[in-house]
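Notes follow the structure.
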Amino acid sequence: MESVSTELFTGNVTRKLDPKSRLAIPAGWRSVQGAELTILEASSDGFPILKCFTREAFAAKIANIRAQGEARNMAPGEIDRYIGFIAGRCFPAEVSSQGKLLIPKAQRENLKLAETATVVGRGPHFEIWEPENFKVANSPAAVADMDKIFNMIS
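If you read the sequence shown in the numbering used here, its first letter stands for residue 1, the second for the next number, and so on.
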């Protein structure tokens with residue numbers, strides 16, 4: 001499935017990595033071509049993933065974290081420590097003019113990417129998954145309880 005939007009990152013596609021460990025970004029996301037990204041090493045459902053944000057989306061996410069911390073009356077130092085923890089797990093990247101994103105060797109090994117990767121739109125950001133891990137974490141059984149609440153799929 002490769003239905004994507006230029007306003008939000010939507011859809012998912014599995015692509016081969018080229019010999020230089022670059023991943024082609026879906027054509028519908030060409031707005032990120034040449035853009036500087038902030039990539040966060042994270043996890044989802046126990047699987048390692050990469051969350052890819054435009055600089056603007058990452059700044060908005062950090063501002064949201066700060067606002068949530070302040071709303072919970074967290075000490076400024078606690079909020080700063082958490083934001084520092086997040087920033088320390090990030091690295092900068094750029095989507096080339098050919099629409100490719102370099103996956104550094106350490107991150108490729110951490111995700112256990114062999115020849116392919118699944119690129120998944122998540123609205124304001126996109127994620128990079130090892131394909132089998134994505135299938136397991138996003139199987140109908142894995143999202144059944146959530147779908148009972150939101151009733152979007154069934």
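For glycine and all other residues, C-beta sits at the position ideal for the given N, C-alpha and C.
Pair within 9 Å by beta-carbon distance, residue i and residue j
i: threonine 10; j: glycine 123; result: yes
i: alanine 42; j: glycine 99; result: no
Closest residue to residue i among the options (Cα-Cα distance)
i: tyrosine 82; options: Gln98, Ala63, Ile128; result: Ala63
i: glycine 46; options: Pro140, Ala117, Asn110, Glu115; result: Asn110
i: isoleucine 39; options: Arg30, Glu94, Ser21; result: Glu94
i: proline 104; options: Asn12, Leu17, Phe58, Leu8; result: Leu17
i: glutamine 33; options: Ser44, Pro48, Cys52, Pro19; result: Cys52
i: glutamate 36; options: Met74, Glu56, Val136, Ile128; result: Glu56
i: arginine 30; options: Leu8, Pro19, Pro48; result: Leu8
i: serine 44; options: Asn151, Ile149, Ala137; result: Ala137
Chain B contact for residue i (CB, 9 Å cutoff)
i: glycine 77; result: Within the model displayed, chain B is absent; a lone protein chain is all it includes.
Pairwise C-alpha distance: residue j and residue i
i: leucine 23; j: alanine 144; result: 31 Å
i: glycine 69; j: glycine 84; result: 14 Å
i: arginine 112; j: valine 120; result: Correcting the residue identity first, residue 112 is lysine in this sequence and not arginine. About 17 Å.
i: phenylalanine 91; j: aspartate 147; result: 34 Å
i: alanine 60; j: arginine 72; result: 18 Å
i: glutamine 107; j: isoleucine 86; result: 16 Å
i: asparagine 12; j: alanine 67; result: 31 Å
i: serine 21; j: leucine 102; result: 6 Å
i: isoleucine 153; j: serine 139; result: 12 Å
i: threonine 118; j: isoleucine 128; result: 6 Å
i: serine 97; j: leucine 50; result: 21 Å
i: serine 3; j: phenylalanine 58; result: Its pLDDT being 34, under 50, serine 3 is placed unreliably in this model, and the value from its coordinates should be taken loosely. Taking the straight line from one Cα to the other gives about 24 Å.
i: alanine 141; j: alanine 114; result: 26 Å
i: methionine 74; j: proline 19; result: 46 Å
Discussion item. Tell me whether the stretch 127 to 137 and the stretch 77 to 90 touch, counting them as touching only if at least three CB pairs, one residue from each stretch, are closer than 8 Å.
Written reply: Under the Cβ criterion (8 Å, minimum of three pairs), the stretch 127 to 137 does not count as touching the stretch 77 to 90.
Worksheet item: Which runs of the beta strand (DSSP E) fall wholly inside the stretch 35 to 117 and span at least 3 residues, in chain order?
Response: Within the stretch 35 to 117, the complete beta strand (DSSP E) runs of at least 3 residues are 36 to 44, 47 to 54, 90 to 94, 100 to 102.
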